[in-house]
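Trainee: Those letters in the sequence shown? Residues -31 to -1, 1 to 430, per mature numbering (1 follows the signal peptide of the UniProt record, and there is no 0), in order.
Using N, Cα and C, we set each Cβ at its ideal position, and we do this for glycine too.
This one's a predicted model, so the numbers in the text were calculated from it and none came from an experiment.
Pasting a structure below so you can have a look.
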Amino acid sequence: MRRPAVRSAVGCGLVALALGMAGGCSSTAPATSAPGTSAPPSGQQPAAVPSDWPAYHQNAQRTGVSATMPAATGVLTARRVALDGQVYASPLVVGGTVVVATERNRVYGLTPDGAAKWSVLLGAPTNQSELPCGNIDPLGITGTPVYDAASRSVFLVASVSAKVRHDLVALDPVTGAVRWRRPIDLPGTDAQAMQQRGALTISQGKVWVPFGGLAGDCGAYKGRLVGVPTGNGEPVAYTVPTTREGGIWTPPGPTELAGKLLVAVGNGESVGGRYDYSDSVLELDGTRLVDSFSPTTWASDNAADLDLGSQGPAVVQGRWVFIAGKSGTAYVLHAGRFGGIGGEVSQATVCRSFGGTAVVADTVYVPCSDGLRAVCVDSAGMVRTVWRAAASVQGSPVVGGGRVYALDQAAGVLNALDPATGRVRERVVVGGVSRFATPAIGGASLFVPTLSGITIVRTVR
C-alpha cells in the first residue's frame, strides 16, 4: 500500500484561537461567556446547561473545550476534597452536581464547592489478589462515566469482587439512586483478564463500553466494545478479530463522528502474516466494522509494543482524524475514508502520546511523554508542531478561559499554559494523581481527580 512522503504543514498561521485565546493555526471561534450554574431543586432531573461537562473531555467528540469558562484571572487556588478511594475517572458536571467515582466503587454527588449531596456504594471492588496482573488496587470504577440527557441517567461500570464481573449501572444524578444495573461480561473472553478503563460513550440510543486488558497484558483478553440500550436491554458487542490482546483501553474511549464510533486499538499477537485489526483506528457503526487504518509497520509495531492504542482518535474540523500512539509517529486520516493499511493522508514525527487530546479549530493539543504539544493540521491534512511545553507537563489537556490546562503527574501540579506559546502562566499543587488523570471543567472551576479524592481549582478571584 502507498505510504505518503513526510511533508511539513503549510498555511498554519498564528491567528486568534477560540475561547478568547491567542495562538493556533487558522481559525477564529466565538469568545467565552460565563453563565452561572446551580443545583436543580430537590427531586427534579437536571437540565443540561452550557457549562456542564457530561462526558470525558466534555462530549462524544472528546474536544476537551469549555466555551463558557470565564477568562482566568489572578492566582490559581486549590482545595482538596478527600473521598473514600483513588479517583482515576474524570469527574462529570451535570446540572450543578459534580459526579465523582472512586476505585472503591463508591460514587459521589458533590456541590461545585465539594460538599456532599449523596453517595452510593456499588459493591465491593476487585482486589489485586483476585486478578492475574494489573496495577490498580483495589479495582473499582476506572473508566470515565457518561451522562445521557435523553434518559437523564449517569452510566458507569464497576468491577465487582468475588467472582470478578463488570456491571453497567444507571444512576439518577440528582439522588444517586440506582435505576438499573446488569453484568456485561459476554462470552469469548476471560472476565478476570478484562479491564474497563476507557470512557463510556452515548451513541445511537446505546451506552458503549470499551474493554482492554490489565497492566501486564496477561490472560485471555481481547479488545471489545459493548453496547447496551440506555433504557436497559440485551448487550451487543464488537470484538477485535485477533487471537488475543488488541485492547481498546485508552482513557478517552470511543470518539463519535457522524454517528459512527472511532476506537484506537492496541497491539495484538499477530506480528506478521494475517492482519488482525490491532494497532489500528477502527470506525464502527454499532457492532459493524465500517473502515480501518493501520500503519504499514503494524507487524513490527505489534512486536515492539509501539501501537496506536495509547491515544484516543481526535477529529479535526470534521474532516481529519489525528492519531498518535507509542511509536512517536502521528498520522492524519481522511474522516470517512481511512484507507486501510498505509492509508494515511500524512504522517510526521510528533511524540509518544498517551491519553486524550483537546481540539480547537485546527489545533490539536497532544499529551506527550516528553511534554504537551500544540499541533496544527492544515487544510491539506499536513501536520506541523507549533510548540512543545516543558517535558514534565504530560497530562491529557483541557481548554477554557484562555488557558490550556494539563497535569505534571510527578509533581502533582496542574499547569495553566498560554495557548499561543505553551509557556506556563499559572500553576497550583493538587496532590498525587494517576498517570492518565484529566480535569473536568464547570463554571470557573476545574475538578481534578486525585489519588485521595478530587481537588477543586478555581481560575477566577
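Just reading off the alpha helix (DSSP H) that residue 267 is part of, what are its end residues?
Mentor: 267 to 273
Trainee: Run the CB neighbour count on residue 243, radius 10 Å, all protein chains shown included, and call it buried at 16 or more, exposed below.
Mentor: Taking all protein chains in view, the Cβ of residue 243 is surrounded by fewer than 16 other Cβ atoms within 10 Å, so the residue is classified as exposed.
Trainee: Which of the three DSSP states is assigned to residue 334 in this structure?
Mentor: strand
Trainee: Let me make sure I understand the geometry here. Which of 372, 383, 174 has the alpha-carbon closest to that of residue 363?
Mentor: Among 372, 383, 174, the Cα nearest to that of residue 363 is on 383.
Trainee: Would you say residue 256 and residue 334 are within 7 angstroms of each other, going by their C-beta atoms?
Mentor: no
Trainee: With DSSP as the reference, label residue 51 as helix, strand or coil.
Mentor: Strand.
Trainee: Work out the CA separation of residue 167 and residue 106 for me, nearest whole Å.
Mentor: 17 angstroms
Trainee: Taking the alpha carbon of residue 115 as the point to measure from, which residue in 273, 411, 147, 25 has its own alpha carbon closest?
Mentor: 25
Trainee: Roughly how many angstroms lie between the CA atoms of residue 85 and residue 171, to the nearest whole one?
Mentor: 27 angstroms
Trainee: Opposite residue 179 in the DSSP bridges: which residues?
Mentor: According to DSSP, which records beta bridges pairwise, residue 179 is partnered with 194.
Trainee: Where does residue 122 fall in DSSP's three states?
Mentor: strand
Trainee: Between the Cα of residue 27 and those of 39, 109, 411, spot the shortest distance and give me the residue it belongs to.
Mentor: 411
Trainee: So the candidates are 222, 390, 358; which of them puts its Cα closest to the Cα of residue 375?
Mentor: 358
Trainee: Beta-carbon within less than 8 angstroms of residue 336's beta-carbon, same chain only, minus the 5 sequence neighbours each way: which residues are those?
Mentor: 280, 322, 323, 324, 325, 326, 363, 364, 365, 366, 375
Trainee: Which partner residues does residue 405 have in the DSSP bridge list?
Mentor: Note: residue 405 sits in no beta bridge, so no partner.
Trainee: From residue 298 to residue 192, what distance separates their C-alpha atoms?
Mentor: 22 angstroms
Trainee: Could you spell out where the beta strand (DSSP E) holding residue 277 opens and where it closes?
Mentor: Unbroken run through residue 277: none, as it is neither H nor E.
Trainee: Buried or exposed: residue 82, going by 16 or more other Cβ atoms within 10 Å of its Cβ?
Mentor: exposed
Trainee: In this structure, does DSSP put residue 25 in helix, strand or coil?
Mentor: helix
Trainee: For the putative contact between residue 220 and residue 80, defined by C-beta atoms under 8 angstroms, what is the C-beta separation to the nearest angstrom?
Mentor: Wrong, their Cβ atoms sit about 26 angstroms apart, outside the cutoff.
Trainee: Would you decide whether residue 228 is buried or exposed? Buried here means 16 or more other CB atoms lie within 10 Å of its CB.
Mentor: Looking at its Cβ environment, which holds fewer than 16 other Cβ atoms inside 10 Å, residue 228 is exposed.
Trainee: The beta strand (DSSP E) that contains residue 377, what's its start and end?
Mentor: 372 to 377
Trainee: Restricting to runs no shorter than 4 residues, where is the alpha helix (DSSP H) found entirely within the stretch 289 to 358?
Mentor: Counting only unbroken stretches of 4 or more residues, no alpha helix (DSSP H) element lies wholly within the stretch 289 to 358.
Trainee: In or out: residue 149 buried (at least 16 other Cβ within 10 Å) or exposed?
Mentor: exposed
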